[in-house]
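Using the UniProt record's numbering, read the sequence shown as starting at 1 and increasing by one per residue.
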Amino acid sequence: MEPPLPTPSQEEASLAVDYVDLLITGARYGDEEDVTTALAAGVNPNSVDGLGRTALHMASANGHTNIVRILIGRNADVNAKNEELNTPLHWAALNGHKGVVEVLMEANANPAALNRYERTAVDEATQRGFQDVVNVIDLAMTLRDSQNLSLELDE
């Protein structure tokens, strides 16, 4: 029988929480140094806060395109849902962050995802008058459809 694995000390557990907070807060405020420090410390890029929000949600909501790229490069889930079932794409779209929407769509974010109110990212952008965001999502979907059709024809 193997000995039980040691449990982390209170200090180690607190340190882990501090790094998760550093990641999510850094993403929210656009602090690349904090984000990269937390990731280098081994924090899972899909860690959540008390409301189920990831660093990618926070960076997307606040238009921090470079941090979005960093997180996606570390395998952050582009379709993660918070407690309201919003994805990072919902938050980028409803705040009119076209550049972030482009990056998320390139990373295969799902524009058909519904939040708790049964609204898509396009619904959120449309309600707020962000037609440029709607256009980006529509164009990305057209490109995906044409690539899928091309793959089917090649088979």
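Yeah, the Cβ is synthetic: ideal placement off N, Cα and C, and Gly gets one too.
Note that the structure is a prediction, hence the values are computed from the model and not measured.
The Cβ atoms of A92 and S47 lie no closer than 8 Å to each other. Counting only the Cα atoms, Q131 lies some 30 Å from P45.
With a threshold of 16 other beta carbon atoms within 10 Å, L143 falls short and is exposed. Per DSSP, the continuous alpha helix (DSSP H) segment holding E106 begins and ends at K98 to E106.
In this structure, the alpha-carbon of L94 lies about 28 Å from that of V43. Classified as exposed, L51 has fewer than 16 neighbouring CB atoms from the shown chains inside 10 Å of its CB. Scanning its chain for C-beta atoms nearer than 7 Å, with the 5 sequence neighbours on each side dropped, one finds around N108 the residues V78, in chain order.
Annotation for V133: A93, G96, K98, V101 and A125 place their beta carbon closer than 7 Å to its own, counting only its chain and skipping 5 residues before and after.
DSSP, read as helix, strand or coil, puts T54 in strand.
Setting aside the 5 residues that flank it on each side, R53 is surrounded in the same chain by N82, each with a C-beta closer than 6 Å to its C-beta; the list follows chain order.
Taking 8 Å as the cut-off, the Cβ atoms of L23 and A40 do not count as close.
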